[in-house]
Amino acid sequence: MERHVSMEEISDGKLYGLGDMVRADCGGCEGCSTCCKGMGQSVVLDPLDFHRLCLGLKAEPKQVMAAAVDLHVEKGIIFLSLKMSGPEESCLFLNEEGRCRIHPFRPGFCRMFPLGRFYEEGGGFRYFLQVHECPKEPKAKVKVKKWIDTPNVKEYEAFVNRWHDFLKKLERALQEKNDPAWAKRANLRLLEEFYLKPYTQGEFYREFGERCKIT
Ligand code: SF4
Ligand code: SF4
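Residue numbers for the sequence shown follow the numbering used here, so the first one is 471 and each next one is one higher.
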């Protein structure tokens, strides 16, 4: 999900790559679950997040969609996010001890936090530190690559870029067509092709690439 705020307001003014050290390590979040509550629709799930969730929960995409996901539309495009509920609007996967029940397969948003992604004009993205989002202090320095704790991280970043580009192209097409019926079909296809149609375990990146070509 994009935010239109100035980087000076929300960050330390720096952009980081995988090999950089950043002061983001909140020491295992001991006693804190702030970013797992009241996040509205901001814990957005990309196709890899959703695929990992299905594998981790050992459930069919349709079941996961119904039980754990909220849908919302932004700039005409449908987005999936983790459900928040209860008096504190807590993430469905937050347990009574304030810990994440799906830590090994938590979404990319949660892996990065309090880092965010800054998409650059010429393509690609770098990470930035959201300085007002995580109250835990002091934070230790950690290498970005270690912090986001994601296997095959180069392949992962290529996927993130490709998905971002795909959504940007769809956004432009929606504007050009300006046709609600076309928009509805495009969004249904996005849900079917990238979320509801299962991916083979271990083949996500290859199958995602193929689906991008034909969609
Ligand atoms: S707000 Fe910071 S310390 Fe608290 S759970 Fe989130 S990342 Fe951990
Ligand atoms: S998936 Fe886990 S880390 Fe992410 S918001 Fe939910 S409880 Fe928190």
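Just so you know, even glycine gets a beta-carbon here, dropped at the ideal spot from N, CA and C.
The beta carbon of residue 503 sits closer than 8 Å to at least one heavy atom of ligand 2.
Using a 10 angstroms sphere on the CB of residue 610, the tally of other CB atoms stays under 16, which defines it as exposed. Taken through DSSP and simplified to helix, strand or coil, residue 570 comes out as strand. Beyond the five residues adjoining it in sequence on each side, residue 627 comes within less than 6 Å, by CB distance, of no other residue in the same chain. With a cutoff of 9 Å on beta-carbon distance, residue 476 and residue 569 are scored as not near each other.
In this structure, residue 579 sits near residue 513, with a CB-CB distance shorter than 9 Å. According to the DSSP assignment, residue 632 belongs to no beta strand (DSSP E) but to the alpha helix (DSSP H) extending over 623-647.
Counting of Cβ neighbours within 10 angstroms places residue 659 among the exposed residues, the total staying below 16. Residues of the same chain with a CB within less than 7 Å of the CB of residue 629, apart from the 5 flanking positions on each side, are 518, 675, 678 in chain order. In the structure shown, residue 597 falls within a strand segment according to DSSP collapsed to helix, strand and coil.
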